[in-house]
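J.: Got a structure for you, questions after.
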Amino acid sequence: MDPKEGEITADNSRLIVSKDLGFGQGLKLEGVLSALLASSEQEVQLDLSKVRHLCSSNLAVIASACNTLVSRGKTVKILALPQVARILRLGGVERIAHVEDVAE
Numbered sequence: 820m821d822p823k824e825g826e827i828t829a830d831n832s833r834l835i836v837s838k839d840l841g842f843g844q845g846l847k848l849e850g851v852l853s854a855l856l857a858s859s860e861q862e863v864q865l866d867l868s869k870v871r872h873l874c875s876s877n878l879a880v881i882a883s884a885c886n887t888l889v890s891r892g893k894t895v896k897i898l899a900l901p902q903v904a905r906i907l908r909l910g911g912v913e914r915i916a917h918v919e920d921v922a923e
């Protein structure tokens, strides 16, 4: 699948992103993440394993959502390719969420 053609979806406790998160995806990402904020589940998972590019504005959206989820007593696990996991760690997301590298 072309990473520019994928989707951003969520169910009760899991966000699945099958496209790159470049500039212009922030509003869509925020909207889908809002569904997770209402989740009754204790653990929330952000599956970014198909994302090859994460821009700084979307890093900020993810960090903010993780902060909110953790402040509501939830644990957050993020699955990401090594290059995206590195960006998340450099952005400080690992201080509030578990970031796990996954293979391509």
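Mapping to my numbering: the sequence shown position 47 is 866, numbers consecutive.
A virtual CB, placed ideally from N, CA and C, is assigned to each residue, including glycine.
Go ahead and label L907 buried or exposed: buried means 16 or more other beta carbons lie within 10 angstroms of its beta carbon, across all protein chains shown.
T.: So L907 counts as buried.
J.: Please find out if some non-hydrogen atom of the ligand MN comes closer than 7 Å to the beta-carbon of E860.
T.: Annotation note on the ligand MN: not contained in the displayed structure, which lists no ligands.
J.: Which residue wins for smallest C-alpha separation from S853, given the options L867, D839, G910 and S883?
T.: For the residues L867, D839, G910 and S883, the minimum Cα distance to S853 belongs to S883.
J.: Could you name the residues of the same chain whose beta carbon sits closer than 6 Å to that of H917, not counting the 5 residues immediately before and after it, in chain order?
T.: Cβ within range, chain order: K896.
J.: Please classify L888: does DSSP put it in a helix, a strand, or coil?
T.: Helix, per DSSP.
J.: Can you give me the C-alpha to C-alpha distance between P822 and V836, rounded to a whole angstrom?
T.: In this predicted model, P822 has a pLDDT of only 42, less than 50, meaning its place in the structure is not dependable; the value taken from the coordinates is given anyway. Going by the C-alpha atoms only, they are around 9 Å apart.
J.: Using a Cβ-Cβ cutoff of less than 7 Å, which residues in the same chain neighbour G845 once the five nearest sequence positions on both sides are dropped?
T.: Once the five neighbours on either side are set aside, the close Cβ partners of G845 are S876, N877 and V880.
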